[in-house]
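Q: Okay, handing you the structure first.
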Amino acid sequence: MRGRRAAIGVRLILIVAGLGVAAFLYAFPLYWLIATSLKSKAELYQSITLFPRHPTLEPYFSVLVDRGFWVLLKNSVIVCAATVLVTLAVGLVITYPITRLSVPPRLRVGVLNWALSLRFLPPVAVVVPYFAIVRTLQIYNQPIALIGIYSLFNLPFAIWMLKGFLAEIPLELEEAALVDGANRWTSFRRVLLPLAAPGLMAAATIVFTFAWSEFLFALILTATPASQTFPVGVQGLVTQFEIIWNDMAASGVIAMSVPLVLMVVARKYLVAGLTFGVIREK
Amino acid sequence: MSRLVAELPAPTGTKPAGTGRRRRSRQERLAYTILLPALGTVFVIVTIPFVLAIWQSITADDGTLVGFRNYTRALSNPLFYDALRATGLYALIVLPTEILLGLGFALLVHRAVKRAGLRATLYVLAVLPLVVPPVAVGVVARLIYAPGYGVLNYVLQSVGITHSEIQWLSDPLLAMGSVASVDIWQWTPFVYLVLFAGLQTVPKESVEAAQVDGATWWTQFRYIELYYLRPLFLLILFFRMADVLRVFDHVFILTGGGPGTATQLLSLYIYRIEFRFFDGGQAAALAVLVLVAISILYSLVTRALPLERA
Numbered sequence: 001m002r003g004r005r006a007a008i009g010v011r012l013i014l015i016v017a018g019l020g021v022a023a024f025l026y027a028f029p030l031y032w033l034i035a036t037s038l039k040s041k042a043e044l045y046q047s048i049t050l051f052p053r054h055p056t057l058e059p060y061f062s063v064l065v066d067r068g069f070w071v072l073l074k075n076s077v078i079v080c081a082a083t084v085l086v087t088l089a090v091g092l093v094i095t096y097p098i099t100r101l102s103v104p105p106r107l108r109v110g111v112l113n114w115a116l117s118l119r120f121l122p123p124v125a126v127v128v129p130y131f132a133i134v135r136t137l138q139i140y141n142q143p144i145a146l147i148g149i150y151s152l153f154n155l156p157f158a159i160w161m162l163k164g165f166l167a168e169i170p171l172e173l174e175e176a177a178l179v180d181g182a183n184r185w186t187s188f189r190r191v192l193l194p195l196a197a198p199g200l201m202a203a204a205t206i207v208f209t210f211a212w213s214e215f216l217f218a219l220i221l222t223a224t225p226a227s228q229t230f231p232v233g234v235q236g237l238v239t240q241f242e243i244i245w246n247d248m249a250a251s252g253v254i255a256m257s258v259p260l261v262l263m264v265v266a267r268k269y270l271v272a273g274l275t276f277g278v279i280r281e282k
Numbered sequence: 283m284s285r286l287v288a289e290l291p292a293p294t295g296t297k298p299a300g301t302g303r304r305r306r307s308r309q310e311r312l313a314y315t316i317l318l319p320a321l322g323t324v325f326v327i328v329t330i331p332f333v334l335a336i337w338q339s340i341t342a343d344d345g346t347l348v349g350f351r352n353y354t355r356a357l358s359n360p361l362f363y364d365a366l367r368a369t370g371l372y373a374l375i376v377l378p379t380e381i382l383l384g385l386g387f388a389l390l391v392h393r394a395v396k397r398a399g400l401r402a403t404l405y406v407l408a409v410l411p412l413v414v415p416p417v418a419v420g421v422v423a424r425l426i427y428a429p430g431y432g433v434l435n436y437v438l439q440s441v442g443i444t445h446s447e448i449q450w451l452s453d454p455l456l457a458m459g460s461v462a463s464v465d466i467w468q469w470t471p472f473v474y475l476v477l478f479a480g481l482q483t484v485p486k487e488s489v490e491a492a493q494v495d496g497a498t499w500w501t502q503f504r505y506i507e508l509y510y511l512r513p514l515f516l517l518i519l520f521f522r523m524a525d526v527l528r529v530f531d532h533v534f535i536l537t538g539g540g541p542g543t544a545t546q547l548l549s550l551y552i553y554r555i556e557f558r559f560f561d562g563g564q565a566a567a568l569a570v571l572v573l574v575a576i577s578i579l580y581s582l583v584t585r586a587l588p589l590e591r592a
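Line order of the protein sequences matches chains C and Z.
Heads up: the first sequence is residues 1 to 282, going by the numbering used here.
Heads up: the second sequence is residues 283 to 592, going by the numbering used here.
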């Protein structure tokens, strides 16, 4: 009896230790980022302190106003919002027929598989031709170039998520509307869209966060603050010869706060999206 | 209480009930009218870059055909093999670590944490690292590993583990470890979430029966749970392998591929050939090679993935 209790005690200690170490490894880096972002410039030149001595919001002011990063923030929001609109519109046009209308199963599977294969396309492999295309179309250094590419790269996620949401809405609801004399468009707009709204919001949030994080294309296809997105600005602070640590940390906090806040809303669907529906929340 | 489960598709798909032949053909026509223009446009937009990449890879800047010269140059560049080696090493560090840690954590929570509230909290917390922009994670890593201001050296020195500065980012092996640690930090929660969801699909009866028969936690895992997790391991492995080829942001921020070429992964290498050496032909040849490789890998693995097909 005593041996068993001891074994349970050891197990409990192991469990608590495991959770504790993990919590520390995740919490400390984030704490350190925020702590650094609250330090004044004077404090940077003293020895390292684990807590900011005189917490100040001065670095945030310096990043957003003095360095003019609020423009990049605005660009990011515009690019991401436009990406969400384009991706969801195209995604609906593609998923509506394959989920709501009777089509040969081979077509459904073909479309879905093709979308899935796009997910595995390494961006860096198409960077070279896209750069040439964007140059030719003379949309280099314009948000529209990013919107187009982000929409394309997020389309696979959108198709698979929307397919999941649309397939869950009973066909009968739309058919009832059709019997009552509504045409397809009305029944789509009045019956299906309201029912699919939560799913659409989730997909929108996830596409927004993915577009928000994108860095490679933004780095390559933009050149001036007029069209750069926020991650490019963050990168600019990092690779200078003399790094202003508190400004860099503040820009990092701003960059991650937007998706973190959005994810509290859409967390239920993120894992389903990332695994193309294999993992679902019940 | 919501819970996360793995939904593996049934081997045979069920057909939606048809509603008469005439009705179906009219619906089908409508479906094609909506689908074809959209799919056609997207298909063309997606395909143009591939064709263009192939074209760029067999021509010089002025448009004259050069045959396979760009490919021979790409393949004879020793830096290419450095990049392959770095990418391989990165994958070898990152994939097993993430899978083992994620599995361990999923088993730990599955077996030991029974309170639904705590499980839900862990779920939310595990989702969060997945959406932090890699650029921001790179910034955090920089604050931790950087020479001079890095907090890791400060902590190690004040605890007394080391007295000299450890060069996390300028020693080739340590730099690779630092870069890999960022990936592990960000993506272990993904493995955890997938495997934890998979563990929820294991039938309670078979576990209880095994426990009655005196199964230890290891035999229970080895002979029951592992069976249900197997397709998910494949999914994780394939998704994460494809992701290793995409890794760019945090490495770019943290080491820029250095010291030397120690952390210059394939993606950074292609970027460098195109935008630092301005060698479009060679970069296009590399891009085509990567596309061919990923297509082969994809066609080999995709059939085995536990994805819903109908």
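Glycine included, each C-beta is placed from N, C-alpha and C at the ideal position.
1. Using a Cβ-Cβ distance under 8 Å, would Z:P298 count as near chain C?
2. Within the same chain, show all residues whose beta-carbon is closer than 7 Å to that of C:Y140, passing over the 5 residues directly before and after it, in chain order.
3. Relative to chain Z, which residues along the stretch 233-252 of chain C have a C-beta separation below 9 Å, given in chain order?
4. Looking at the structure shown, is C:L116 part of a helix, part of a strand, or coil, going by DSSP?
5. For the stretch 358-374 of chain Z against the stretch 532-550 of chain Z, are there 3 or more C-beta pairs whose distance is under 8 Å?
6. For Z:T537, is the classification buried or exposed, using 16 other Cβ atoms within 10 angstroms of its Cβ as the cut-off for buried?
7. Quick one: grab the DSSP three-state call for Z:T341.
8. Which residues in chain Z have a C-beta closer than 8 Å to the C-beta of C:R184? List them in chain order.
9. Using DSSP with H/G/I as helix, E/B as strand and the rest coil, what is C:I279?
10. Can you say whether Z:K396 is buried or exposed, counting buried as having 16 or more other CB atoms within 10 angstroms of its CB?
11. Output yes or no for whether 8 Å exceeds the beta carbon distance between Z:A320 and C:L101.
12. With distances taken Cα to Cα, identify the nearest neighbour of C:P142 among C:V179, C:F61 and C:S76.
13. Inspect the beta-carbon positions of C:V271 and Z:L475 and report whether they are closer than 8 Å.
14. Which residues does DSSP pair with C:A255 in a beta bridge?
15. Beta carbon of Z:V417, beta carbon of Z:W467: below 8 Å?
16. Helix, strand or coil for Z:V464 per DSSP?
17. In this structure, does DSSP put Z:A313 in helix, strand or coil?
18. Quick one: using the 10 Å Cβ neighbour count with 16 as the cut-off for buried, is Z:Y505 buried or exposed?
19. Would you mind sorting Z:T296 into buried or exposed? The rule is 16 or more other CB atoms within 10 Å of its CB.
20. At a CB-CB cut-off below 7 Å, which residues of chain Z make contact with C:V103?
21. Please decide whether Z:R528 counts as near chain C, where near means a Cβ-Cβ distance under 8 Å.
22. If you compare alpha carbons, which of Z:F325, Z:T315 and Z:L412 is closest to C:Y26?
23. Hey, out of C:H54, C:A82, C:L118 and C:L57, whose CA is closest to Z:L573's CA?
24. Are any of the Cβ atoms in chain C nearer than 8 Å to that of Z:E410?
25. Taking the continuous alpha helix (DSSP H) assigned at C:S76, which residues delimit it?
26. Which residues in chain Z sit within 9 Å of C:G9, going by Cβ to Cβ distance?
27. Mind pulling the chain Z residues with CB within less than 7 Å of C:M330?
28. Under 8 Å Cβ-Cβ, which residues of chain B neighbour Z:S446?
29. Which residue or residues does DSSP assign as beta-bridge partners of Z:A288?
30. Alpha helix (DSSP H) containing Z:T379: first to last residue?
31. Return the bridge partner residues of Z:L425 from the DSSP annotation.
32. I need the boundaries of the alpha helix (DSSP H) containing C:P194, first residue and last residue.
33. To which residues does DSSP link Z:L347 through a beta bridge?
34. How many angstroms separate the CA atom of C:A294 from the CA atom of C:I254?
35. Taking 8 Å as the cut-off, does the stretch 519-535 of chain Z touch the stretch 372-385 of chain Z (at least 3 CB pairs, one atom from each stretch)?
36. As a quick exercise: from C:F157, C:P259, C:L19 and C:K41, pick the residue whose alpha carbon is nearest that of C:L92.
A: With the given structure in hand:
1. Confidence in Z:P298 is poor, its pLDDT being 48 and thus under 50, which makes the residue's placement unreliable; the coordinate value appears in the next sentence. Judged by the 8 Å Cβ criterion, Z:P298 is in contact with chain C.
2. V134 and L221
3. V234, Q235, L237, V238, T239, I243, W245, M248, A249, S251 and G252
4. helix
5. yes
6. buried
7. strand
8. L312
9. strand
10. exposed
11. no
12. The amino acid occupying residue 142 of chain C in the given sequence is Gln; Pro does not appear at that position. The residue with the shortest Cα to Cα distance from C:Q142 is C:S76.
13. yes
14. C:A255 pairs with nothing; no bridge assigned.
15. no
16. helix
17. helix
18. exposed
19. Caution is warranted here: a pLDDT of 43 is assigned to Z:T296, below 50, making its placement in the model unreliable, and the coordinate value is therefore given only provisionally. Classification of Z:T296: exposed, given that the 10 Å Cβ count is below 16.
20. E310 and A313
21. yes
22. Z:L412
23. C:L118
24. Per the sequence presented here, residue 410 of chain Z reads as Leu, with Glu not at that position. Yes, Z:L410 counts as interfacial toward chain C.
25. F69 to R100
26. Result: empty, since nearest Cβ-Cβ is about 13 Å, beyond 9 Å.
27. Chain C is shown from 1 up to 282; residue 330 of chain C falls before or after that span and cannot be answered.
28. Although the question refers to chain B, the structure presented lacks it and instead comprises the protein chains C and Z.
29. C:I279
30. P360 to A394
31. DSSP, once it has assigned bridges, lists no residue as partnering Z:L425.
32. L193 to S213
33. Z:T341
34. Only positions 1 to 282 of chain C appear in this structure, which leaves residue 294 of chain C out of reach.
35. yes
36. C:F157
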